[in-house]
Amino acid sequence: MLSYLLRRLGLMVLTLFGVSIAIFLLLRIVPGNIADILFDSAGMIDPAEKQKIVAELGLDQPLVVQYAQWVNGLLHGDLGYSYVSEKPVLDEVLPRIPITARLAALAIMFAVCTGVPIGVISAVRQNSGIDYGLRVFSLAALSLPSFWLGLLVLMAFVNWAGLLPIYDKAPQTWGMAILMYGVPAATVGLRSSALIMRLTRSSMLEVMRMDYIRTARSKGLSEPAVTFIHALRNALLPVITTIGIETAFLFGGLVVTETVFNIPGVARFLVEAIRWRDYPMVQNLVMFIATVVVIVNLIVDLTYAFVDPRIRLGS
Amino acid sequence: MTRLARLSCAAALLFGLAAPALAQKQGGTLRVTHRDNPPSASIVEEATISTDMPFMSVFNNLVVFDPQSPVNRLDKIVPDLATSWTWSDDDRTLTFQLRDGVKWHDGKPFTSADVKCTWDMVTGKTSGKLRKNPRKTWWFNIKDIATDGDNKVIFHLHDPQPSIMAMFASGFAPVYPCHVPGNEMRTRPIGTGPFMFAELKQNESMRVVRNPNYWKPGKPYLDAIEYTIIPNRATAVLALVAGKFDMSFTAELTPELVKSVKEQAPLLQCVLQPTNTQGNLLVNRERPPFDNPQIRKAMMLAIDRKAFSEILSRGVYPVGGANMPPPEGFWGWSKDFMETVPGYGADVEKSREEGRKIMRALGYGPDNMLPLKVSTRNIQDYRDASVVLIDHLKTVYIQAELEPLDTSVWYARLLRKDYSVGMNVQGTGTDDPDVQFFENYLCGSERNYTSYCNADLEKKFHQQSQMKDIDARRKLVWEIDKQLQEDGARPVIYFGVAGTCWWPRVHGINIARNTIYNHWRFEDVWLDQ
């Protein structure tokens with residue numbers, strides 16, 4: 006187990022190294038740089054002033070030097086300064102991480118807490134009215150673009166409740182927190198929930214046909230015990246894998262949801278930073294997201310052994 | 019302007035006039051939506067309303083356009099940090115007497131040295147403080163600035179220029195403190211204005227708070243102004259309608275959206291105003307075959323401006339030359355005069371036939387169309403206008419293809435002249451011909467994207483600039499504008515119109531009808547709650 010963990014950690018470092026090179030190069034391949042964007046708001050470009058900005062930001066140095074400076078700073082905890090706000094990257098990013106983390110955690114929780122039970126119900130009641138209804142619902146949820154759904158939810162709140170669950174300042178009460186985080190989390194988590202539901206259902210149906218389920222029933226175990234102890238635990242492995250993958254995909258959905266619900270989180274901020282070609286901001290944010298995704302996947306892999314003792318990691 | 023737009027303006031004017039009759043209340047935070055992240059908080063370094071509107075209240079100018087007047091023009095300029103101003107007999111020296119006892123927000127005294135320092139900076143005489151200087155051309159005529167004690171500053175001009183006062187009064191011409199470094203002005207600006215900078219959270223919000231030591235006793239009325247950045251327009255509109263905000267960002271709502279918002283929330287006060295933003299055609303006159311003036315003329319003749327207005331705004335967008343058309347614009351052509359300009363006549367088909375004749379003479383026709391790319395920014399307003407343009411160009415045997423460009427490369431391409439034909443949308447800070455001509459059409463000017471250069475016309479630019487008689491100046495301005503359109507310097511297609519809305523609890527808002535860049539000092543605004 007320990008050697009497996011060490012191997013995975015080594016692989017994680019390699020992955021992050023690869024990501025750092027990829028994001029560094031990709032950002033510089035994209036046409037235009039911060040100097041061009043800064044002049045956009047002035048409606049012109051003065052070549053001399055542009056050159057001055059480029060030199061001031063060190064963008065005229067060789068790429069290898071720029072990369073080495075960034076990585077060196079990263080390893081020493083110095084993430085540099087944002088080109089746009091002229092503030093330390095850490096000061097800009099740190100307050101936003103908890104916002105996105107809360108939203109992402111709630112979205113995943115929503116997806117798991119609704120997707121798994123609904124999937125189980127759908128499998129247990131296969132080909133019943135409930136099953137058909139839930140399958141139609143899950144298909145619809147998979148097909149709805151979260152941007153459109155988010156706007157619909159906002160409109161519904163304005164029209165029926167006379168309030169708008171957008172984030173305009175940090176929530177002061179639990180009620181406000183639930184409204185400001187819960188509604189967007191449910192909106193972004195709905196697609197994942199539908200995916201998990203469909204996967205749980207098909208996985209459960211496969212497991213329910215296994216001999217050991219028949220044996221469990223013939224032993225006289227109650228149906229809930231058969232379903233939740235014997236079937237569900239075995240059906241959960243592909244679902245856990247999906248949760249890991251969905252966590253990575255969630256960032257895509259969060260960009261849209263944070264925009265529609267006006268949540269000042271990391272995802273929306275990253276898109277803006279890319280638009281501005283704010284290299285220090287984008288590079289460090291992408292590295293942060295990559296680290297989170299890699300760690301989540303490691304946790305998912307470790308969870309396999311916990312859920313299914315037959316899996317011996319590292320053997 | 020349509021009836022709806024005129025009615026909105028009239029209603030807003032009446033509302034604005036009626037507001038002072040009520041007793042102003044002190045306190046409260048005005049909550050305003052904001053369309054995007056401002057590139058910085060430094061007004062002199064930007065040319066965008068995203069910076070101008072939220073931060074104008076942090077500063078003062080030497081003079082301002084009368085905030086109570088709905089039209090910004092030369093005879094409506096009132097004192098601000100300057101208590102008075104005088105011209106020398108030869109109209110080449112302008113002396114401002116400055117207000118005594120004014121302090122910057124950090125407690126340091128405001129003096130004539132700050133004024134000199136600001137204009138030495140924006141004229142390019144001193145460097146190092148600004149990253150960008152987009153309005154350097156505004157101040158081309160300033161020869162030298164001198165101070166006489168702490169309260170007097172003297173501007174020596176190369177030539178007489180009465181309309182330089184319009185530039186001094188613009189929201190883009192605040193006085194900066196000498197002692198504050200440039201990066202601080204971009205991130206935590208310090209001014210003498212009614213509100214002090216409190217916070218700028220990237221992509222999130224901005225906040226300015228009441229200056230308790232403001233030199234106008236009793237003002238401002240508000241405790242603070244908060245701008246929440248909501249880039250998604252649909253969300254911003256919903257938030258406004260739901261009453262989460264007191265006011266929308268200026269000119270953020272399209273005419274159609276204003277209509278929709280009024281239907282959803284009839285109590286909202288909305289004003290449709292020309293934004294002094296124009297859609298224009300850029301033709302690279304250095305790249306063949308567009309170096310041929312005949313081809314450029316044919317392209318101009320293909321444009322149906324009325325159709326642009328109908329398609330893009332259901333007829334709300336007005337049509338004009340380089341200067342904003344009346345009644346809101348002070349220097350634009352009259353309707354009768356406009357009819358005399360080629361390509362502006364009512365008979366579009368006749369113009370197009372003339373265009374086709376030119377193209378046929380050059381060897382083009384229905385079976386041999388001239389292929390080209392229409393480059394534009396990948397932004398909806400730009401793309402929409404480009405699509406209409408492509409359709410119109412077909413009528414004179416030009417087969418165009420849309421080339422949407424990322425914002426990051428748009429100006430770089432224009433600078434390199436790496437385009438054939440472009441569709442451009444651009445705003446003008448002040449409704450004054452000096453701003454328009456010198457910024458956009460002067461030989462070598464940075465915003466002269468097409469590199470149009472006409473020495474004879476340039477003499478006329480200077481001639482009109484020196485004229486004191488407004489009517490005579492206007493007549494010359496019309497002729498210059500006509501010449502610009504005839505030369506295809508940058509054919510103007512339409513002028514934008516957009517709306518601003520606020521709830522009745524907000525009092526003292528006076529929207530200027532011929533600019534979106536002024537009247538954002540907020541010192542007369544108060545909340546009835």
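Protein chains in written order, with our numbering: chain A, 6 to 320; chain B, 19 to 547. For every residue, glycine included, the Cβ atom is placed at its ideal position computed from N, Cα and C. Here the structure is a predicted model, which means the values were calculated and not measured.
Own chain residues within Cβ distance below 8 Å of residue i, not counting five before or after
{"i": "asparagine 396 of chain B", "result": "Pro422, Leu423, Asp424 and Thr425"}
{"i": "tyrosine 86 of chain A", "result": "Lys92, Pro93, Val94 and Pro285"}
{"i": "alanine 230 of chain A", "result": "Ala221"}
{"i": "glutamine 220 of chain B", "result": "Asn55"}
{"i": "leucine 256 of chain B", "result": "none"}
With 16 other Cβ atoms within 10 Å as the buried cut-off, status of residue i
{"i": "arginine 315 of chain A", "result": "exposed"}
{"i": "glycine 339 of chain B", "result": "buried"}
{"i": "asparagine 132 of chain A", "result": "exposed"}
{"i": "methionine 441 of chain B", "result": "buried"}
{"i": "tryptophan 153 of chain A", "result": "exposed"}
{"i": "lysine 412 of chain B", "result": "exposed"}
{"i": "proline 311 of chain B", "result": "exposed"}
{"i": "proline 67 of chain A", "result": "exposed"}
{"i": "tyrosine 535 of chain B", "result": "buried"}
{"i": "alanine 41 of chain B", "result": "exposed"}
{"i": "cysteine 288 of chain B", "result": "buried"}
{"i": "proline 509 of chain B", "result": "buried"}
{"i": "glutamine 547 of chain B", "result": "exposed"}
{"i": "alanine 240 of chain A", "result": "buried"}
{"i": "leucine 19 of chain A", "result": "exposed"}
{"i": "phenylalanine 263 of chain B", "result": "buried"}
Short CB-CB distance (under 8 Å) between residue i and chain B
{"i": "methionine 213 of chain A", "result": "no"}
{"i": "aspartate 51 of chain A", "result": "yes"}
{"i": "arginine 282 of chain A", "result": "yes"}
{"i": "leucine 184 of chain A", "result": "no"}
{"i": "serine 8 of chain A", "result": "no"}
{"i": "serine 46 of chain A", "result": "yes"}
{"i": "methionine 328 of chain A", "result": "Shown here, chain A extends from 6 to 320; a query on residue 328 of chain A therefore has no answer."}
{"i": "leucine 16 of chain A", "result": "no"}
{"i": "valine 89 of chain A", "result": "yes"}
{"i": "glycine 37 of chain A", "result": "yes"}
{"i": "alanine 191 of chain A", "result": "no"}
Of the listed residues the options, nearest to residue i (C-alpha basis)
{"i": "asparagine 79 of chain B", "options": "B:Tyr437, B:Leu48, B:Asp132 and B:Gln287", "result": "B:Asp132"}
{"i": "histidine 176 of chain B", "options": "B:Phe186, B:Lys161 and B:Thr165", "result": "B:Lys161"}
{"i": "threonine 155 of chain B", "options": "B:Phe540, B:Asp452, B:Asp487 and B:Pro230", "result": "B:Asp452"}
{"i": "tryptophan 544 of chain B", "options": "B:Ala257, B:Gln501, B:His537 and B:Gly526", "result": "B:Gly526"}
{"i": "phenylalanine 190 of chain B", "options": "B:Lys170, B:Trp137 and B:Val171", "result": "B:Trp137"}
{"i": "proline 150 of chain A", "options": "A:Lys174, A:Leu80 and A:Ala199", "result": "A:Ala199"}
{"i": "leucine 363 of chain A", "options": "B:Ile61, B:Cys135, B:Arg149 and B:Leu48", "result": "The structure shown has nothing for residue 363 of chain A, since chain A only spans 6 to 320."}
{"i": "methionine 485 of chain B", "options": "B:Asp450, B:Ala530 and B:Val515", "result": "B:Asp450"}
{"i": "tryptophan 351 of chain B", "options": "B:Ile243, B:Ala418 and B:Asp489", "result": "B:Asp489"}
{"i": "threonine 247 of chain A", "options": "A:Gly120, A:Leu32 and A:Phe44", "result": "A:Gly120"}
Within-8 Å CB hit, residue i to chain A
{"i": "valine 337 of chain B", "result": "no"}
{"i": "tryptophan 103 of chain B", "result": "no"}
{"i": "threonine 425 of chain B", "result": "yes"}
{"i": "tyrosine 429 of chain B", "result": "yes"}
{"i": "asparagine 90 of chain B", "result": "no"}
{"i": "lysine 500 of chain B", "result": "no"}
{"i": "lysine 147 of chain B", "result": "no"}
{"i": "glutamine 444 of chain B", "result": "yes"}
{"i": "glutamate 64 of chain B", "result": "yes"}
{"i": "asparagine 536 of chain B", "result": "no"}
Same chain only: Cβ atoms within 7 Å of residue i, ignoring 5 sequence neighbours per side
{"i": "phenylalanine 256 of chain A", "result": "Ala272 and Ile294"}
{"i": "aspartate 309 of chain B", "result": "Arg303"}
{"i": "serine 382 of chain B", "result": "Sequence inspection shows tyrosine at residue 382 of chain B; the serine mentioned does not correspond to that position. So the qualifying residues of the chain are Leu388 and Tyr415."}
{"i": "asparagine 472 of chain B", "result": "Asp505"}
Contact test: residue i Cβ vs the ligand MN heavy atom, cutoff 7 Å
{"i": "aspartate 96 of chain A", "result": "For the ligand MN, the structure offers nothing, since it holds no ligand at all."}
(message) Quick check on the DSSP output: what are the complete alpha helix (DSSP H) runs of length 4 or more inside the region 52-101 of chain A, in order along the chain?
(response) Listed in chain order, the complete alpha helix (DSSP H) runs (minimum 4 residues) inside the region 52-101 of chain A are 52-61, 68-80 and 94-98.
(request) Report the residue ranges of all alpha helix (DSSP H) runs contained in full by the region 197-227 of chain A; include only those spanning at least 4 residues, in chain order. (result) Listed in chain order, they are 216-223.
(request) Pick out the complete alpha helix (DSSP H) segments inside the region 315-399 of chain B, 4 residues or longer, and give them in chain order. (result) The qualifying runs are 323-331, 353-357 and 366-379.
(message) For a minimum of 3 consecutive residues, which ranges assigned as the beta strand (DSSP E) are wholly contained in the region 475-537 of chain B?
(response) The region 475-537 of chain B contains these whole beta strand (DSSP E) runs: 510-520.
(request) May I have a chain-ordered list of the alpha helix (DSSP H) segments no shorter than 4 residues that lie completely inside the region 266-299 of chain A? (result) Secondary structure within the region 266-299 of chain A: the alpha helix (DSSP H) runs of 4 or more consecutive residues, fully enclosed, are 271-280 (chain order).
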